[in-house]
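For the sequence shown, numbering that gives the first Met the number 0 assigns the number 0 to the initial residue and increments by one for each residue that follows. The beta carbon of each residue, even a glycine, is placed where N, CA and C say it ideally should be. No experiment lies behind these values; they were computed from the predicted model shown.
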Amino acid sequence: MKVLALLALFAVVGARRLDYEPISIDYHETIGIPEASRIQQAEAAADFDGSRIVGGSAAGLGSNPWIAGLIVTLTDNRRSMCGSSLISNTRLVTAAHCWKTRSIQGRSITVVLASTKLFSGGTRRETNRIQVHGSYNQNNLNNDVAIITISSVSFNNNIRAVALPSGLLLNFNYAGERAVAAGYGRISDSSGGDNSLRQVALTVIENFECANIFGTSSVIHSTLCTSGVGRVGPCSGDSGGPLVFTFSGVRYLIGVTSFVSARGCQSGLPAGYARVTSFASWIRSRM
Numbered sequence: 000m001k002v003l004a005l006l007a008l009f010a011v012v013g014a015r016r017l018d019y020e021p022i023s024i025d026y027h028e029t030i031g032i033p034e035a036s037r038i039q040q041a042e043a044a045a046d047f048d049g050s051r052i053v054g055g056s057a058a059g060l061g062s063n064p065w066i067a068g069l070i071v072t073l074t075d076n077r078r079s080m081c082g083s084s085l086i087s088n089t090r091l092v093t094a095a096h097c098w099k100t101r102s103i104q105g106r107s108i109t110v111v112l113a114s115t116k117l118f119s120g121g122t123r124r125e126t127n128r129i130q131v132h133g134s135y136n137q138n139n140l141n142n143d144v145a146i147i148t149i150s151s152v153s154f155n156n157n158i159r160a161v162a163l164p165s166g167l168l169l170n171f172n173y174a175g176e177r178a179v180a181a182g183y184g185r186i187s188d189s190s191g192g193d194n195s196l197r198q199v200a201l202t203v204i205e206n207f208e209c210a211n212i213f214g215t216s217s218v219i220h221s222t223l224c225t226s227g228v229g230r231v232g233p234c235s236g237d238s239g240g241p242l243v244f245t246f247s248g249v250r251y252l253i254g255v256t257s258f259v260s261a262r263g264c265q266s267g268l269p270a271g272y273a274r275v276t277s278f279a280s281w282i283r284s285r286m
């Protein structure tokens, strides 16, 4: 009888594992390339709809002066897009999958600062100096972080670096706290919105809550997740963008947008980020 009970328990555990939500893996093919094409065509038609973060509101450039759009030219000359965060005059943080996936890799990147549009305006820097974290896993997006190096930019009201966590904030897990995501992606799975950057306040959740949905292969200690309750959060094209927490009037980068459910960004499920506190030393050593 005990043997049968154990077998039944294993069967339940196995069934639960089969029910884990898949995450989007091949970003460029499924999201980045189509989204870059859509945005470029809309801008060229002078009808750029600026579709952004799901459930968010328009954000002026001065609200998120560290955010930078990325136009990624791939090795086959197609173009994809992502987001990133400026952390110094010459360095930005993005998701590793914005540069390299299982199927294709970037050849160069155009960094776009201080602009609501990707393909025109703003301050632009071309670079192929991208360093991907050595433990990045293309199959489950673990350690999904990379550093971009550009020629120096001057700070102003629309271009400014975001702070990295330090001191006590390095040991804080942020669960239950509110943080703001911003990005260049869609505002829904199927439609557009206005022509400004978008931002949305989200609640950070415990990793075990996120792992219960996506599994412990996708959600590890260096992952941070936000709740998708209300069908809000990052969406197609927001990869690599910032999740920012405000403490004592200073805004800190605590997450780099990494993944959402393969079912889409309006599924009501959590979103995953690279947890910046886990990579703070690695990032600082490359600034």
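Per-residue burial, residue i [other beta carbons within 10 Å of its own, 16 or more giving buried]
i	result
L201	buried
R106	exposed
P233	buried
V111	buried
E125	exposed
G82	buried
L167	exposed
A270	buried
R349	In the structure displayed, the chain extends from 0 to 286; residue 349 sits before or after that span and is not available.
G248	exposed
F213	buried
I282	buried
6 Å Cβ shell around residue i - same chain, five flanking residues per side excluded
i	result
T276	P164 and L169
A94	D143, S238, G239, V255 and S257
S280	none
S114	G120 and G121
Y272	L223, L242, G254, V255, T256 and S257
C209	V218, C224 and P269
Other residues of its chain near residue i: CB distance less than 8 Å, five sequence neighbours each side excluded
i	result
V161	W65, S84, L85, I86, P241, V243, R250, Y251 and L252
E28	T100, S102 and I103
S134	N141 and N142
Rounded straight-line distance, which links the Cα of residue j to that of residue i
i	j	result
Q104	L73	6 Å
E176	G31	30 Å
N76	L117	17 Å
I146	G267	30 Å
N211	R159	37 Å
F154	Y19	44 Å
V259	S150	32 Å
P33	M286	32 Å
H132	I70	20 Å
T109	R197	20 Å
F278	G263	27 Å
N139	F207	17 Å
F171	S284	21 Å
7 Å Cβ cutoff met for residue i and residue j
i	j	result
T122	V152	yes
N157	G61	yes
A180	S23	no
S221	R274	yes
A35	S79	yes
V199	Y173	no
H96	Y183	no
Beta-carbon contacts of residue i that lie in its chain and below 7 Å, excluding the five residues immediately before and after
i	result
T148	T89, R90, T126 and R128
With contact counted as at least three CB pairs below 8 Å, one residue from each stretch, are the segment 211-222 and the segment 33-41 in contact? No, because fewer than three Cβ pairs between the segment 211-222 and the segment 33-41 fall closer than 8 Å, the two stretches do not touch.
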